[in-house]
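Residue numbers (our numbering): 83 to 772.
Glycine is no exception: its CB is placed at the ideal position from the N, C-alpha and C atoms.
Below is one structure, written out as structure tokens; comments come after it.
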């Protein structure tokens, strides 16, 4: 029967070693139920049969690319992976901490980077004489913009433009008629804005002149003051004058810089106003808070235009004594009525009065408001030549805690009464030994108010003066044209048509037009004439021809600026005075950590021979001429026991030593450094804790 067959089949399979498939049995049972509907007896659902176990090989799982998270987690907890992961984690943490510490250490130990006004020479431009762009014979702002490539050619990054305010030009532009406008002779405010943009596009900076002491008598403030209008009544210094025998008797014996009384009677106000300079230049009353606020607003206006700094001129004249006492005469036996010259009085009551430096600090405070943006520090210089009073000059640096000027401009090299190696040493040493610790020096060999080098001391000294200027520590200032050795024009060539005020006519010969090439008017203007005559030597002394000569004054100037830029000892190192006599001035430039030393041997007298080995202990017997005013000597090796120099010759010697001069006992007190730095050969960086 079917039931018997169903029972027998699994037994047979069992005897043959088969494995029961319950699903198969159940399926047959299900089919029987479907076909045999008459049978009500229940079919057995399972049948138990003993089966021998079969061995199954265990599968080993290994890591593989793209494994899911669940599989990955099975391995992450294993010791080999966990330990490796922890080691890498702590290495990263330790490396990060070390990097942060190293960064902090480098920042802490690194010396302060030189700011833009320290790193580059300053090129001073008298705009009326630099380049004429519109053929009217007067230099202008567009002309400066046209010649910016000349500035970069000189390896210079900072331009100093003298006054260009709207002015009657009776004092060559220093008595402003409007502090907020450009004189039309120089262009428009748009021209100025375009010039600033072009200067900054070339990575240059610009400083402008500001003379706050006085205005023109055409200024709106003066017109309102002489009419006693509101707050302007006290904008200037007014005093009653006595009249006797039809003449005006001034309040005291004060004399103007240009001579004669510094008091001028005004017919409108019926009082005398005070003027330190020309009668067309009335002095402002800086004891008035309103005037000080006006100055602050003017500074903000030009800084807002993009100016990078100011040179504040004639600031020692800002305040006068209120008691109005007579100033003491130099010659006490001289009759007071005969005193008419500025040099005949001691100016105890009209210069450097108490409160002056408070005003200077207020200027600094205003400028600092615009210095907060990174990379936009605003420079402040003071352009006052105290001549004999070096201590008064140094006060413009401010104090350790209260800053004033970044530096007062230094005219020691211009004011020398005679030329020699000794006088050069005195001029340099006087500044360096009196300069406050941590301050930055500067040097100038020319200015708009001094005869040019070649006229003042002789053409043969042009190159050696430029070598001195560009190898001393600090910021060198070059007056336009000194890079090619321009000379003053002859005084007889300056006629009355060039200037309306007699006293300033004397300063015109050094303001002759820049000599660009050998064409008519030296390339200064394409017009028929220039505001001042061009020097007659322009065909041989000009930028174009000297650019083509490798041994020109211009070529040497460029080589010196490049040396100053590239060599750390000259850029910011020690300066040690080594020797001076009537003929030569010798000094070295060194940097801690560098064994390379530069020694300058400069001749300001007659032909001389100097034994440097007898002066400097352990000096190498030979040195290489890195630069020479006699270009053919460059690169030669010289015996340091026998250094020969001719009149006006300058040498930059280079040698290596393990014993720099500034570490020698014999030269203690003869070495100076402003921004001290040390060089690490291993790390190729500068640090300050030497």
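Check                                                                                                                    : Outcome
Among 391, 511 and 518, the one whose alpha carbon lies nearest that of residue 669                                      : 511
Within 8 Å, strictly: CB atoms of residue 527 and residue 464                                                            : no
Buried versus exposed call for residue 290 [16 or more other C-beta atoms within 10 Å across all chains shown]           : buried
Proximity to residue 269 [Cα-Cα], best of 390, 499, 426 and 222                                                          : 222
Nonlocal neighbours in the same chain, by C-beta distance under 6 Å from residue 536, ignoring five residues either side : 544, 567 and 569
When 412, 710 and 625 are compared against residue 231, the one with the closest alpha-carbon                            : 625
At least three beta-carbon pairs within less than 8 Å, the region 648-660 to the region 685-693                          : no
Residue 183 - partner residues in DSSP beta bridges                                                                      : Looking at the DSSP assignment, residue 183 forms no beta bridge with any residue, so it has no partner.
Coarse secondary structure for residue 705, derived from DSSP in three states                                            : strand
Cβ-based burial, residue 94 [other Cβ within 10 Å; buried from 16]                                                       : Here residue 94 scores only 46 on pLDDT, less than 50, and its place in the model should not be relied on; the value that follows carries that caveat. Result: exposed.
Segments of 3+ residues assigned as beta strand (DSSP E) that fall wholly inside the region 485-547                      : 524-526
Beta-ladder partner(s) of residue 391, from DSSP                                                                         : 289 and 461
N- and C-terminal bounds of the alpha helix (DSSP H) containing residue 606                                              : Taken as a continuous stretch (DSSP letters only), residue 606 belongs to no alpha helix (DSSP H), as it is neither H nor E.
6 Å CB neighbourhood of residue 533 in its chain, flanking five on each side removed                                     : 570 and 592
Among 345, 327 and 339, nearest to residue 333 - alpha-carbon criterion                                                  : 345
Beta-carbon proximity list for residue 604, same chain, < 7 Å, skipping 5 on both sides                                  : 595, 597, 598, 616, 620 and 624
Beta-carbon spacing of residue 704, residue 721 below 8 Å                                                                : yes
Boundaries of the beta strand (DSSP E) in which residue 571 is found, first to last residue                              : First-last for residue 571: undefined, no H or E at that position.
Rounded separation between residue 416 and residue 331 - CA only                                                         : 19 Å
Contact set for residue 504: own chain, Cβ-Cβ below 7 Å, skip 5 residues either direction                                : 662, 663 and 664
Below-8 Å beta-carbon distance, residue 647 vs any chain C residue                                                       : The chain labelled as chain C is not found in the depicted structure, where only one protein chain is given.
Rounded Cβ spacing between residue 343 and residue 350 (contact assumed at less than 8 Å)                                : Incorrect: roughly 19 Å between the Cβ atoms, too far for contact.
Given residue 429 as reference, the closest of 446, 471 and 481 once Cα atoms are compared                               : 471
Three CB pairs or more closer than 8 Å across the region 312-322 and the region 422-440                                  : no
Distance between beta carbons of residue 212 and residue 225, contact taken as under 8 Å                                 : 6 Å
Coil, strand or helix - residue 477 by DSSP                                                                              : helix
Residue 297 and residue 378 closer than 8 Å at C-beta                                                                    : no
Sufficient close CB pairs (3 or more, under 8 Å) joining the region 442-461 to the region 381-400                        : yes
Residue interval of the alpha helix (DSSP H) (run including residue 736)                                                 : No alpha helix (DSSP H) contains residue 736, which is instead part of the beta strand (DSSP E) from 732-738.
Burial state of residue 734, where buried means 16 or more other Cβ atoms lie within 10 Å                                : buried
DSSP three-state assignment for residue 403, whether helix, strand or coil                                               : coil
Cβ-Cβ distance between residue 676 and residue 651 below 8 Å                                                             : yes
C-alpha gap between residue 236 and residue 352, whole angstroms                                                         : 55 Å
Proximity winner among 717, 192 and 743, relative to residue 695 (alpha-carbon distances)                                : 743
Straight-line Cα distance separating residue 572 from residue 578                                                        : Because residue 578 sits at a pLDDT of 48, beneath the cut-off of 50, its placement in the model cannot be relied upon, and the following sentence gives the value as read from the coordinates. The alpha-carbon atoms of residue 578 and residue 572 are separated by roughly 14 Å.
Length of the line joining the Cα atoms of residue 193 and residue 519                                                   : 16 Å
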